[in-house]
Amino acid sequence: MSKPQLVDQVGKEGFSWHAEYWKHNNEFHHHKKAQLVYVESGYQYLHVESCQFLLPQNHVAYIPSNVPHKTTHASEHVSLRTLYFDVDDLPPFYDELYLFSIPSVLREMIMYTEKWSMNMKYEESEQTFLRAILLELPSFVQNSVPLITPVPRTKVLLDATAYIHKHYRSTITIDELAQLCFMSIRTLERQFKKETGISIAKYIQMVRIIKSIELLSEGQYTINEIALLVGYNSAQSYSNVFTKLMGQRPTEFIQHTFTL
Numbered sequence: 000m001s002k003p004q005l006v007d008q009v010g011k012e013g014f015s016w017h018a019e020y021w022k023h024n025n026e027f028h029h030h031k032k033a034q035l036v037y038v039e040s041g042y043q044y045l046h047v048e049s050c051q052f053l054l055p056q057n058h059v060a061y062i063p064s065n066v067p068h069k070t071t072h073a074s075e076h077v078s079l080r081t082l083y084f085d086v087d088d089l090p091p092f093y094d095e096l097y098l099f100s101i102p103s104v105l106r107e108m109i110m111y112t113e114k115w116s117m118n119m120k121y122e123e124s125e126q127t128f129l130r131a132i133l134l135e136l137p138s139f140v141q142n143s144v145p146l147i148t149p150v151p152r153t154k155v156l157l158d159a160t161a162y163i164h165k166h167y168r169s170t171i172t173i174d175e176l177a178q179l180c181f182m183s184i185r186t187l188e189r190q191f192k193k194e195t196g197i198s199i200a201k202y203i204q205m206v207r208i209i210k211s212i213e214l215l216s217e218g219q220y221t222i223n224e225i226a227l228l229v230g231y232n233s234a235q236s237y238s239n240v241f242t243k244l245m246g247q248r249p250t251e252f253i254q255h256t257f258t259l
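Residue numbers 0 to 259, in numbering that gives the first Met the number 0, belong to the letters of the sequence shown in order.
This is the structure in structure tokens:
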């Protein structure tokens, strides 16, 4: 169950919290202040309601006020820069969740706020600077990052998605998933699409691409190695699916994401 967070006890409109080794309670929570999270290094998953999102290095999430959420991560080192804002007087744009690759200007602005990290005292210069970041968010948010895996409602399909997450390195057929769920292939496909909004094949693709971005973030593997590690027979087939889902090739993603 969601619970008020200590950050709401900070008596300022804006507040910054920079943590090199981030440890967060993995329970769902919410706070009145909206939250802007910049992943400087490592990666983490953001969970909200019926979806989970991957936030890789050099990506940002804007979480609206009072939205229940939690974070999890498998990356050993996660460095986060987090800003909190009161948004009571702002337009509907600020009621939506956004995930996007960080522009260099926004990155520099967020990094500058480290001087005020965990500052409980009111400083006009701090509040003016944080407000400028908040008001410029619409110009920073371009295309949302499609690193989303929807979560089905029923247990039988939750079991199917858990199976996919466990066996994504291997060939997964709809027939074996249907047997796992004790359904016909047609019924499984129809029910899965109804609960998640996407096909099983698309879900498997998304899981593999998201897992590949985890590996890209670690910087320890070549693209050829990653392709094999996430269940593709060749770098070409992996690259084609990556490009279709992400709008850029893996090499371009690496260049844009990890070389800021």
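Note that the Cβ used here is the ideal one computed from N, Cα and C, for glycine as well.
Bear in mind that the values here come from a model prediction, so they are computed numbers and not experimental data.
- Contact between proline 67 and alanine 33 does not hold, since their C-beta atoms are separated by about 13 Å, which reaches or exceeds 8 Å.
- With respect to the 8 Å criterion, tyrosine 237 and serine 198 are not classified as neighbours on the basis of their beta carbons.
- About 7 Å separates the beta carbons of threonine 148 and tyrosine 202, which is inside the 8 Å limit, making them a contact pair.
- Between isoleucine 109 and histidine 58, the C-beta spacing is not below 8 Å.
- Nearest neighbour of valine 86 by Cα position, chosen from Glu251, Ala131, Val240, turns out to be Ala131.
- Short of 8 Å from the beta carbon of tyrosine 167, and not among the five residues preceding or following it, lie these beta carbons of its own chain, in chain order: Ile203, Val206, Arg207, Lys210, Val229, Gly230.
- With contacts defined as CB atoms closer than 8 Å, tyrosine 44 and glutamine 56 fail to qualify as a contacting pair.
- Annotated as distal: leucine 187 and isoleucine 171, with beta-carbon spacing of 8 Å or more.
- Glutamate 123 counts as exposed, since fewer than 16 other beta carbons sit within 10 angstroms of its beta carbon.
- Minimum Cα-Cα distance from lysine 114 among the listed residues Gln247, Ala18, Glu217 corresponds to Ala18.
- Within the model, the alpha-carbon separation for glycine 10 versus histidine 76 is close to 31 Å.
- Under DSSP, proline 149 forms a beta bridge with Cys50.
- With a cutoff of 8 Å on beta-carbon distance, tyrosine 61 and leucine 96 are scored as near each other.
- In the DSSP assignment, glutamate 39 falls within the unbroken beta strand (DSSP E) covering 33 to 40.
- Its Cα nearest to that of valine 155, the residue Gln190 stands out among Gln235, Gln190, Ser116.
- Between glutamine 178 and glutamate 48, the alpha-carbon positions lie close to 28 Å from each other.
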